[in-house]
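S.K.: I'd like to ask some things about the structure below.
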Amino acid sequence: MLARFGFGEPGASVDVSTALAELQHQTYDLLVLPLQDVDALQLAAIERALRAGRLSFAIGTAPRAEPDLILRAMRSGIQEFLVYPPDPKDLATSIDRLMRRVSGNGQRGVVYTLYSSKGGVGTTSIAANLAHALAKGHKDSRVAIADLVVTDGDIRVFLNLKPAYDLGDLVKKLDRVDAELLYSLMTPYREGIWALPGPDNPELDDLLDGATISTIIEQLRSHFAFTVLDCEHHMSERTLAAMDLADRILLVTQLNVPALRSTQRSLAICRRLGYANDKMCVVVNRYQSGEVLSLSDATDVLKCDVFWKLPNDYRTAAGALMKGIPVAEFDSSSKLAWSYGQLAAKLAGVGEVARNGAHRAGVRSLRALLGMKKRV
Ligand SMILES: Nc1ncnc2c1ncn2[C@@H]1O[C@H](COP(=O)(O)OP(=O)(O)OP(=O)(O)O)[C@@H](O)[C@H]1O
Ligand SMILES: [Mg+2]
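Per our numbering: the sequence shown = residues 306 to 681.
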């Protein structure tokens, strides 16, 4: 059950003092302890650990719900109480409350939306490898990767996933989604990455509208430190929602005329939507020196700097894809793996990310601009 909420493997201590000794030199997300065995001195130590952030949450248990015991625990900062042995449903409710406390504290995750109006330029490769690099660079954080492509989503191929559920299953239960449900419908990958593959059922196309996708993205944001979104190659309502809610939009391109032209058009739309300039990050994929078009040509055409360039390395990219593993696992010493790591570091290292409150109106006008039908 803890795994469903995204916790790692739990450890057990033989008694409370051993657990407290552990807390001296390691941080923990959750401590579950029998209150009847805890004395005042130990309770004070737990209170200090909670205050210092060495411990995020504590659940106290006892064979009976004795008001004095519960009051003492709560006064020491222990957030939840359960009668032992706890009913799994009660434990889930307590943990869900604790998780919501985190999101209620204003700890918002960061959302990166990957987009290119041209297919085949490497959008999914970058989404998958960026998620992996973010997870590697932030060992204590959870990273979500979601495929917003209805049918033909490739995330499951890139990460060799055999998912039990996908975005379509989440949509059907969206009215009652909480942390537990969210984690139970996502597919755990390695290194703290959780994947939400796109649905294969084309009938879900209508159901997955902008409002639904927005709700899903906000759910992901409140439960993951980083969320990476792989989008369709056109400005669907889904794509617009993903762009709207993104902290950064990675516009993937290559140094050739068709790709740059399509990026130019995407940038123009982003500007019309009123996004701040630093919300858009142009990423040149498959870069190699000596091409007809240079990076400065790209800067001239796009009228903005290139945020990052990833080297052309077909052998490594194709080899990783063939095995269904991230590039850094296929060949950690490759320039491409290094470059993905640096891209993740540059993105996550930028402190002040662009947040844009004014783009809702922009989305409406863009819908008109693109002649989109309004969904009722
Ligand atoms: N840096 C790179 N160097 C060489 N080849 C690359 C690089 N990045 C991606 N590729 C290759 O380019 C191809 C297309 O990549 P990918 O599927 O990620 O693009 P896409 O934009 O998501 O395409 P789609 O239109 O299918 O959504 C893949 O075969 C991939 O291995
Ligand atoms: Mg793709």
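A virtual CB, placed ideally from N, CA and C, is assigned to each residue, including glycine.
Go ahead and pull the three-state DSSP assignment for R660.
M.R.: Start at 1 with the first residue of the sequence shown, and residue 660 comes out as number 355. Legend: pLDDT at R660 = 40, less than 50; position of this residue unreliable, value from coordinates given subsequently. R660 falls in the coil class under three-state DSSP.
S.K.: Work out the CA separation of L307 and T323 for me, nearest whole Å.
M.R.: Numbered from its first residue, the sequence shown carries residue 323 at position 18. Numbered from its first residue, the sequence shown carries residue 307 at position 2. Going from the Cα of T323 to the Cα of L307 covers about 22 Å.
S.K.: Just to check, is the beta-carbon of G595 closer than 7 Å to a non-hydrogen atom of ligand 1?
M.R.: Here the question's residue 595 lines up with position 290 in the sequence shown. No, Cβ of G595 sits at least 7 Å from all heavy atoms of ligand 1.
S.K.: At a cut-off of 7 Å, is T684 close to ligand 1 when judged by its beta-carbon and the heavy atoms of the ligand?
M.R.: Outside the shown range of the chain (306 to 681) lies residue 684, about which nothing can therefore be said.
S.K.: By the three-class DSSP mapping on this structure, what secondary structure does P631 have?
M.R.: Your numbering for residue 631 matches position 326 in the sequence shown. In the structure shown, P631 sits in coil (DSSP, three-state: anything other than H, G, I, E or B).
S.K.: Quick check on the DSSP output: what are the complete alpha helix (DSSP H) runs of length 4 or more inside the segment 428-490, in order along the chain?
M.R.: Listed in chain order, the complete alpha helix (DSSP H) runs (minimum 4 residues) inside the segment 428-490 are 428-442, 460-463, 472-477, 484-490.
S.K.: For I375, which of helix, strand or coil comes out of DSSP?
M.R.: The residue you call residue 375 lines up with position 70 of the sequence shown. In the structure shown, I375 sits in a helix (DSSP, three-state: H, G or I).
S.K.: CB-CB under 6 Å to L648, same chain, minus the five flanking residues each way: which ones, in chain order?
M.R.: Numbered from its first residue, the sequence shown carries residue 648 at position 343. So the list reads W613, once near-sequence residues are dropped.
S.K.: What residues in its chain sit with their C-beta under 7 Å from that of G316, if we drop five residues either side in the sequence?
M.R.: Translated into positions along the sequence shown, residue 316 becomes position 11. The answer is none, since no qualifying residue turns up.
S.K.: In chain order, what residues have a CB nearer than 7 Å to some heavy atom of ligand 2?
M.R.: G424, T428, T429, V454, D459, D535
S.K.: Compute every distance between the C-beta of V426 and the non-hydrogen atoms of ligand 1, then say whether any falls below 7 Å.
M.R.: Taking the sequence shown and counting its residues from 1, the one referred to as residue 426 is at position 121. Checking the Cβ of V426 against ligand 1 gives yes.
S.K.: Could one say the Cβ of A367 lies closer than 8 Å to chain B's Cβ atoms, at least one of them?
M.R.: In summary, chain B is missing from the structure at hand, where a single protein chain is found.
S.K.: For E385, which three-state DSSP category applies?
M.R.: Here residue 385 corresponds to residue number 80 of the sequence shown, with the count starting at 1. The answer is strand: DSSP assigns E385 an E or B state.
S.K.: Taking just the CA atoms, how far does V455 sit from P391?
M.R.: To locate residue 391, count along the sequence shown from 1; it is residue 86. To locate residue 455, count along the sequence shown from 1; it is residue 150. For P391 and V455, the distance between alpha carbons rounds to 41 Å.
S.K.: Report yes if the C-beta distance between A449 and L376 is below 8 Å; otherwise report no.
M.R.: Residue mapping note: residue 449 aligns to position 144 of the sequence shown, counting from 1. Residue mapping note: residue 376 aligns to position 71 of the sequence shown, counting from 1. The answer is no: Cβ separation not under 8 Å.
S.K.: Candidates S361, K584, E537: which alpha carbon is nearest L328's?
M.R.: Within the sequence shown, residue 328 is the residue found at index 23, counting from 1. For L328, the nearest C-alpha among the options comes from S361.
S.K.: Indicate the three-state DSSP secondary structure (helix, strand or coil) for Y592 in the structure shown.
M.R.: The count along the sequence shown starts at 1 and reaches residue 592 at position 287. Strand, per DSSP.
S.K.: Where does Y619 fall in DSSP's three states?
M.R.: For the purposes of this step, residue 619 is taken as the residue at position 314 of the sequence shown. In the three-state scheme derived from DSSP, where H, G and I count as helix and E and B as strand, Y619 is classed as helix.
S.K.: Bridge partners for K614 per DSSP, in chain order?
M.R.: By one-based count along the sequence shown, residue 614 stands at place 309. K614 is bridged to V589.
S.K.: Nearest to P368 by CA position, among R380, L340, P493, is which residue?
M.R.: For this step, residue 368 is matched to residue 63 along the sequence shown. When only C-alpha atoms are compared, the closest one is L340.
S.K.: Tell me which residues share the same chain as S422 and place their Cβ nearer than 8 Å to its Cβ, disregarding the 5 neighbours each side in the sequence.
M.R.: Taking the first residue of the sequence shown as 1, we reach residue 422 at position 117. Counting only Cβ-Cβ distances below 8 Å, and skipping sequence neighbours, we find H538, H539, M540, S567, T568, R570, S571.
S.K.: Using a Cβ-Cβ cutoff of less than 6 Å, which residues in the same chain neighbour A659 once the five nearest sequence positions on both sides are dropped?
M.R.: Here residue 659 corresponds to residue number 354 of the sequence shown, with the count starting at 1. Low confidence applies here, because A659 scores a pLDDT of 41, under 50, leaving its location unreliable; read the following figure in that light. A581, D583, K584, listed in sequence order.
S.K.: Tell me which residues share the same chain as D459 and place their Cβ nearer than 7 Å to its Cβ, disregarding the 5 neighbours each side in the sequence.
M.R.: Working through the sequence shown from its first residue, we reach residue 459 at position 154. So the qualifying residues of the chain are T429.
S.K.: Going straight from the alpha carbon of P507 to that of G311, what length do you get?
M.R.: In the sequence shown, counting from the first residue as 1, residue 507 sits at position 202. In the sequence shown, counting from the first residue as 1, residue 311 sits at position 6. Distance between the alpha carbons of P507 and G311: 30 Å.
S.K.: When you compare only the Cα positions, how much space is there between T604 and A642?
M.R.: For the purposes of this step, residue 604 is taken as residue 299 along the sequence shown, with counting starting at 1. For the purposes of this step, residue 642 is taken as residue 337 along the sequence shown, with counting starting at 1. Whole-angstrom Cα-Cα distance: 25 Å.
S.K.: Hey, quick one: how far does the alpha helix (DSSP H) through R353 stretch, first residue to last?
M.R.: As a working mapping, residue 353 is identified with position 48 in the sequence shown. That run of the alpha helix (DSSP H) goes 345-357.
S.K.: If I'm right that A633 touches G654 with Cβ under 8 Å, what's the distance once you round it to whole angstroms?
M.R.: Here the question's residue 633 lines up with position 328 in the sequence shown. Here the question's residue 654 lines up with position 349 in the sequence shown. Rounded, the Cβ-Cβ distance is 18 Å, inconsistent with contact.
S.K.: Okay, do the segment 395-403 and the segment 477-486 touch, 3+ Cβ pairs below 8 Å being the bar?
M.R.: yes
S.K.: Do Y645 and ligand 1 come close, with the Cβ less than 7 Å from some heavy atom?
M.R.: Start at 1 with the first residue of the sequence shown, and residue 645 comes out as number 340. No.
S.K.: At which residues does the beta strand (DSSP E) containing A547 begin and terminate?
M.R.: Position 242 of the sequence shown, counted from the first residue, corresponds to residue 547. Note, A547: premise wrong, no beta strand (DSSP E); alpha helix (DSSP H) at 542-550.
S.K.: Say the cut is 7 Å; is the CB of N617 nearer than that to a heavy atom of ligand 1?
M.R.: Position 312 of the sequence shown, counted from the start, is the residue given in the question as residue 617. Checking the Cβ of N617 against ligand 1 gives yes.
S.K.: Quick one: what does DSSP say A367 is sitting in, helix, strand or coil?
M.R.: The residue labelled residue 367 in the question sits at position 62 within the sequence shown. In the displayed model, A367 falls within a strand according to three-state DSSP.
S.K.: Would a C-beta distance cut-off of 8 Å place G365 and V557 closer than the cut-off?
M.R.: If you number the sequence shown from 1, residue 365 lands on position 60. If you number the sequence shown from 1, residue 557 lands on position 252. Against a cut-off of 8 Å, the Cβ pair of V557 and G365 comes out as no contact.
S.K.: Within this structure, are the beta carbons of G683 and L439 separated by less than 8 Å?
M.R.: Summary: the structure shown does not reach residue 683, with the chain confined to residues 306 through 681, and so no result is reported for it.
S.K.: If we call anything under 8 Å between Cβ atoms a contact, is V476 one with T517?
M.R.: Counting from one through the sequence shown, the residue named residue 476 turns up at place 171. Counting from one through the sequence shown, the residue named residue 517 turns up at place 212. Yes; because the gap between Cβ atoms is below 8 Å, this pair is in contact.
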